[in-house]
Amino acid sequence: MKDGVNGVALGVFIFFFLAVTVMGFLAARWRKAENEHSLDEWGLGGRSFGTWVTWFLLGGDLYTAYTFVAVPAAIYAAGAAGFFAVPYTILVYPLIFTFLPRLWSVSHKHGYVTTSDFVRGRFGSKGLSLAVALTGILATMPYIALQLVGIQAVLDVMGVGGGDNTNWFVKDLPLLIAFGVLAAYTYSSGLRAPALIAFVKDALIYIVIAVAIIYIPIKLGGFDDIFAKAGDKFTAAGAGGLVPPAAGQWTYATLALGSALALFMYPHSITATLSSRSRDVIRRNTTILPLYSLMLGLLALLGFMAIAAGVKVTNGQLAIPQLFENMFPDWFAGVAFAAIGIGALVPAAIMSIAAANLFTRNIYRDFIKPDATPKQEAQVSKLVSLLVKVGALVFVLTMDKTVAINFQLLGGIWILQTFPALVGGLFTRWFHRWALLAGWAVGMVYGTVAAYGVASPTQAHFGGSSKKIPGLGEIGYIGLTAFVMNVAVTVILTFALKAFKAPEGIDETNPGDYTADAGDPGVEVELPPAVAGSAH
Numbered sequence: 005m006k007d008g009v010n011g012v013a014l015g016v017f018i019f020f021f022l023a024v025t026v027m028g029f030l031a032a033r034w035r036k037a038e039n040e041h042s043l044d045e046w047g048l049g050g051r052s053f054g055t056w057v058t059w060f061l062l063g064g065d066l067y068t069a070y071t072f073v074a075v076p077a078a079i080y081a082a083g084a085a086g087f088f089a090v091p092y093t094i095l096v097y098p099l100i101f102t103f104l105p106r107l108w109s110v111s112h113k114h115g116y117v118t119t120s121d122f123v124r125g126r127f128g129s130k131g132l133s134l135a136v137a138l139t140g141i142l143a144t145m146p147y148i149a150l151q152l153v154g155i156q157a158v159l160d161v162m163g164v165g166g167g168d169n170t171n172w173f174v175k176d177l178p179l180l181i182a183f184g185v186l187a188a189y190t191y192s193s194g195l196r197a198p199a200l201i202a203f204v205k206d207a208l209i210y211i212v213i214a215v216a217i218i219y220i221p222i223k224l225g226g227f228d229d230i231f232a233k234a235g236d237k238f239t240a241a242g243a244g245g246l247v248p249p250a251a252g253q254w255t256y257a258t259l260a261l262g263s264a265l266a267l268f269m270y271p272h273s274i275t276a277t278l279s280s281r282s283r284d285v286i287r288r289n290t291t292i293l294p295l296y297s298l299m300l301g302l303l304a305l306l307g308f309m310a311i312a313a314g315v316k317v318t319n320g321q322l323a324i325p326q327l328f329e330n331m332f333p334d335w336f337a338g339v340a341f342a343a344i345g346i347g348a349l350v351p352a353a354i355m356s357i358a359a360a361n362l363f364t365r366n367i368y369r370d371f372i373k374p375d376a377t378p379k380q381e382a383q384v385s386k387l388v389s390l391l392v393k394v395g396a397l398v399f400v401l402t403m404d405k406t407v408a409i410n411f412q413l414l415g416g417i418w419i420l421q422t423f424p425a426l427v428g429g430l431f432t433r434w435f436h437r438w439a440l441l442a443g444w445a446v447g448m449v450y451g452t453v454a455a456y457g458v459a460s461p462t463q464a465h466f467g468g469s470s471k472k473i474p475g476l477g478e479i480g481y482i483g484l485t486a487f488v489m490n491v492a493v494t495v496i497l498t499f500a501l502k503a504f505k506a507p508e509g510i511d512e513t514n515p516g517d518y519t520a521d522a523g524d525p526g527v528e529v530e531l532p533p534a535v536a537g538s539a540h
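Take 5 as the starting number for the sequence shown in our numbering and just add one per residue.
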């Protein structure tokens, strides 16, 4: 690691950071609607985004600083086991092609802003809706924290605020400034800010990956040498070379499948989806989003390149920023750091908006102020988006970074338990609302207790996301095991409750609602006229 501050890289980083900050504040005027004081406007960008804006927004939303920093870092530390992120992003798109257009249609028809809105309307259950909302908020906060960890990793490598002996306030001051800027433009511009900034973020990421995947292997003697050196390291460490050992293959498969099922349960994924202007936008996006999976595969190889380049770091998250600083000229290292930093800001903004929407719609309006006006809803959401980011900042400043990553995996375990209510509800009304609530509770309790019992070299609890699968004896992803238990309980209890004729709750949706498109009767009213005409 170079001594002192890398002034050139820092200068380039600050230039891009200031540029996206200005864009964030200007976004409030982008396609401004007549009535901006509503959740449809602030939290969903007027539901007006076309194919390309949605593609950049979803890409900016799903491919986070965790992806850029932690996936290659996992490969740097553990070899091919870290590649689970590539098959899971391949699995996820055919999966969402089946249900996201249905969710878009019914949400547009009824004005639903969150998944909990839909669950309440479908099953007539405020309790189930509350469970989904609380799970979404709970799973999102550590995920936002990880975006801030990504920014911190870049700042550390540039020599800004680093150093173990530094006063904590001085050490974290750059992060606090970045946090303050993010909070301010999210508050003022809502979802339009990350939608606009996503263009810059994705362009920078693609440039950096294209250069890194060509330039670094040339400097290191080609991919043959890179794979040979990585293979030697893992063989020497007894990790079975570049291929996961037999004992790790169930873990790899269950982690990939469980993560694929969980990804579009996260509130921020749904927020980005519902902001699009038609069903076709969603369907087109599920066919072109796999381009990001190609990028992710190339990005993952950076972990092997860091090994071949002789990068030595005690915190694996610093491996890729350190590789960039070692291999690139200072000015281009600054571009790469800006890509990672902005890559953290976009999803952090969308996540805080999504969590705020859940609180406003499904806790504040349902249980505290049922007669809240659209303007009051928007105001509460703005304030809660700040509180969510403060909660995330507490994670970053008070917890060991390895714990933060494991808490993100715990977030996946939690959010997966909302799958039966959301995806099940999109296709059938057969499940009973009380059975879904009981299944959710079983999945949440098992998942949390099992994860709490996992120890690692750095901590006694929440040290990982894999554990022995009951009845199989293989090690697997806790989230998927909890999900299977959840579904089993839901199905068994549904049979029992239907046999006893337990009250079902009122379904406010109709079969035609799930295939409705913009322009159909009752659907176009959700789009403010000032926005509908300019949504191209």
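Even glycine gets a Cβ: it sits at the ideal position worked out from N, Cα and C.
- Thinking C-beta only, is Ser280 closer than 8 Å to Trp56? Start at 1 with the first residue of the sequence shown, and residue 56 comes out as number 52. Start at 1 with the first residue of the sequence shown, and residue 280 comes out as number 276. Not a contact, by the Cβ cut-off of 8 Å.
- Query: Using DSSP with H/G/I as helix, E/B as strand and the rest coil, what is Leu479?
  - Reply: Residue numbering aside, residue 479 sits at position 475 when the sequence shown is read from its first letter. Residue identity check: residue 479 is Ile in the sequence provided, not Leu. In the structure shown, Ile479 sits in a strand (DSSP, three-state: E or B).
- Asp521 versus Leu186 - alpha carbon distance: Counting from one through the sequence shown, the residue named residue 521 turns up at place 517. Counting from one through the sequence shown, the residue named residue 186 turns up at place 182. Roughly 34 Å between the two C-alpha positions.
- Query: Under three-state DSSP, which class holds Lys113?
  - Reply: Residue 113 sits at position 109 when you count from the first residue of the sequence shown. In this structure, Lys113 counts as helix in the three-state DSSP scheme.
- Message: When you compare the CB positions of Phe17 and Met145, do they come within less than 8 Å of one another, or not?
- Response: One-based indexing of the sequence shown puts residue 17 at position 13. One-based indexing of the sequence shown puts residue 145 at position 141. Taking 8 Å as the Cβ cut-off, Phe17 and Met145 do not qualify as a contacting pair.
- Which residue spans inside the region 176-213 form an unbroken beta strand (DSSP E) run of at least 3? Listed in chain order, nothing qualifies, since the region 176-213 has no complete beta strand (DSSP E) run of 3 or more residues.
- Message: Going by DSSP in three states, Phe332 sits in which element: helix, strand or coil?
- Response: Locating residue 332 in the sequence shown gives position 328, counting from the first residue. Judged by DSSP in its simplified three-state form, Phe332 adopts coil rather than helix or strand.
- Message: To the nearest angstrom, how far is the alpha carbon of Ala359 from that of Ile286?
- Response: Start at 1 with the first residue of the sequence shown, and residue 359 comes out as number 355. Start at 1 with the first residue of the sequence shown, and residue 286 comes out as number 282. Looking at the backbone, the Cα of Ala359 and that of Ile286 are separated by about 22 Å.
- Nearest neighbour of Val90, chosen from Leu267, Lys223, Ala143 and Phe60 [CA to CA]: Position 86 of the sequence shown, counting from 1, holds the residue named residue 90. Minimum Cα distance to Val90 is reached at Leu267.
- Message: Is the beta carbon of Ala342 closer than 8 Å to that of Phe20?
- Response: For the purposes of this step, residue 20 is identified with residue 16 of the sequence shown, where counting begins at 1. For the purposes of this step, residue 342 is identified with residue 338 of the sequence shown, where counting begins at 1. Contact annotation: Phe20 and Ala342 have beta-carbon atoms nearer than 8 Å.
- Flag this pair as yes or no: are the beta carbons of Gln463 and Trp444 separated by less than 8 Å? To locate residue 463, count along the sequence shown from 1; it is residue 459. To locate residue 444, count along the sequence shown from 1; it is residue 440. Not in contact: Gln463 and Trp444 (Cβ atoms no closer than 8 Å).
- Which term fits Trp434, buried or exposed, when burial requires 16 or more other beta carbons within 10 angstroms of its beta carbon? Counting from 1 along the sequence shown, the entry for residue 434 is found at position 430. A residue is called buried once 16 or more other Cβ atoms fall within 10 Å of its Cβ, and Trp434, having fewer, is exposed.
- Query: Are three or more beta carbon pairs between the region 112-128 and the region 330-346 nearer than 8 Å?
  - Reply: They do not touch, by the three-pair rule.
- For Leu195 versus Thr275, is the C-beta distance shorter than 8 Å? Position 191 of the sequence shown, counted from the start, is the residue given in the question as residue 195. Position 271 of the sequence shown, counted from the start, is the residue given in the question as residue 275. A Cβ-Cβ contact shorter than 8 Å links Leu195 with Thr275.
- Message: Using CA atoms only, rank isn't needed, just tell me which of Met27, Pro271 and Asn490 is closest to Asp65.
- Response: Working through the sequence shown from its first residue, we reach residue 65 at position 61. Nearest of Met27, Pro271 and Asn490 to Asp65, Cα basis: Pro271.
- Item | Residue range of the beta strand (DSSP E) that includes Ser470 | By one-based count along the sequence shown, residue 470 stands at place 466. Looking at the DSSP string, the run of the beta strand (DSSP E) that includes Ser470 is Ser470 to Lys472.
- Is the beta carbon of Tyr92 sitting closer than 8 Å to the one on Ala304? Stepping through the sequence shown from its first residue, residue 92 is reached at position 88. Stepping through the sequence shown from its first residue, residue 304 is reached at position 300. Cβ distance not < 8 Å, so Tyr92 and Ala304 don't count as in contact.
- Query: Cα-Cα, which of Pro474, Ile292 and Tyr210 is closest to Trp59?
  - Reply: Here the question's residue 59 lines up with position 55 in the sequence shown. Comparing alpha-carbon positions, the option among Pro474, Ile292 and Tyr210 lying closest to Trp59 turns out to be Ile292.
- Message: If we require 4 or more residues per run, which alpha helix (DSSP H) segments fall completely within the region 300-365?
- Response: Counting only runs of at least 4 residues, the region 300-365 fully encloses the following alpha helix (DSSP H) elements, listed from N- to C-terminal order: 306-312, 323-331 and 334-363.
- Message: What does the alpha-carbon distance come out to for the pair Pro325 and Phe127?
- Response: If you number the sequence shown from 1, residue 325 lands on position 321. If you number the sequence shown from 1, residue 127 lands on position 123. Taking the straight line joining both Cα atoms gives about 47 Å.
- Using the C-alpha atoms, what's the distance from Gly15 back to Ala313? Counted from its first residue, the sequence shown places residue 313 at position 309. Counted from its first residue, the sequence shown places residue 15 at position 11. Rounded to whole angstroms, Ala313 to Gly15 spans 25 Å at the Cα level.
- Can you check DSSP and say which residues form a bridge with Val53? As a position in the sequence shown, residue 53 is number 49, starting the count at 1. One detail in the question is off: residue 53 reads as Phe in this sequence, not Val. Looking at the DSSP output, Phe53 sits in a beta bridge with Ser280.
- Classify Ser385 as helix, strand or coil using the three-state DSSP reduction. Along the sequence shown, read from residue 1 onward, the residue named residue 385 stands at position 381. In this structure, Ser385 counts as helix in the three-state DSSP scheme.
- Quick one: Cα of Phe87 to Cα of Leu246, how far? Position 83 of the sequence shown, counted from the start, is the residue given in the question as residue 87. Position 242 of the sequence shown, counted from the start, is the residue given in the question as residue 246. Those two C-alpha atoms are separated by around 11 Å.
- Task: Leaving out five residues on either side along the sequence, give the residues of the same chain with a beta carbon under 6 Å from the beta carbon of Phe227.
- Result: As a first step, residue 227 must be located in the sequence shown, where it is residue number 223. For Phe227, where only same-chain residues beyond five positions count, the Cβ hits under 6 Å are Pro221.
- Item | Unbroken alpha helix (DSSP H) run spanning Met448, endpoints | For the purposes of this step, residue 448 is identified with residue 444 of the sequence shown, where counting begins at 1. Segment Arg437 to Tyr456, the alpha helix (DSSP H) holding Met448.
- Query: Shortest alpha-carbon distance to Leu180 belongs to which of Val495, Ala506 and Lys393?
  - Reply: As a working note, residue 180 is residue 176 in the sequence shown. Across the set Val495, Ala506 and Lys393, the C-alpha of Lys393 shows the shortest separation from the C-alpha of Leu180.
- Task: Could you check if Asp511 is buried or exposed, using at least 16 other CB atoms within 10 Å of its CB as the buried criterion?
- Result: For the purposes of this step, residue 511 is taken as residue 507 along the sequence shown, with counting starting at 1. So Asp511 counts as exposed.
- Does the beta-carbon distance from Ser129 to Arg437 come in below 8 Å? Locating residue 129 in the sequence shown gives position 125, where the first residue counts as 1. Locating residue 437 in the sequence shown gives position 433, where the first residue counts as 1. Yes, the pair counts as a contact, with Cβ atoms nearer than the cut-off.
- The alpha helix (DSSP H) spanning Tyr80 covers which residue range? Counting from one through the sequence shown, the residue named residue 80 turns up at place 76. For Tyr80, the uninterrupted alpha helix (DSSP H) run begins and ends at Val75 to Ala82, by DSSP.
- Task: Output yes or no for whether 8 Å exceeds the beta carbon distance between Thr255 and Ser460.
- Result: Residue numbering aside, residue 255 sits at position 251 when the sequence shown is read from its first letter. Residue numbering aside, residue 460 sits at position 456 when the sequence shown is read from its first letter. Here Thr255 is not near Ser460, since their CB atoms are 8 Å or more apart.
- Query: Could you give the residue range of the alpha helix (DSSP H) that holds Gly163?
  - Reply: As a first step, residue 163 is located in the sequence shown; it is residue number 159 there, counting from the start. Where Gly163 is concerned, there is no enclosing alpha helix (DSSP H), given that its DSSP letter is neither H nor E.
- Between the region 474-485 and the region 95-104, do at least 3 Cβ pairs fall closer than 8 Å? Counting Cβ pairs under 8 Å, fewer than three are found: no touch.
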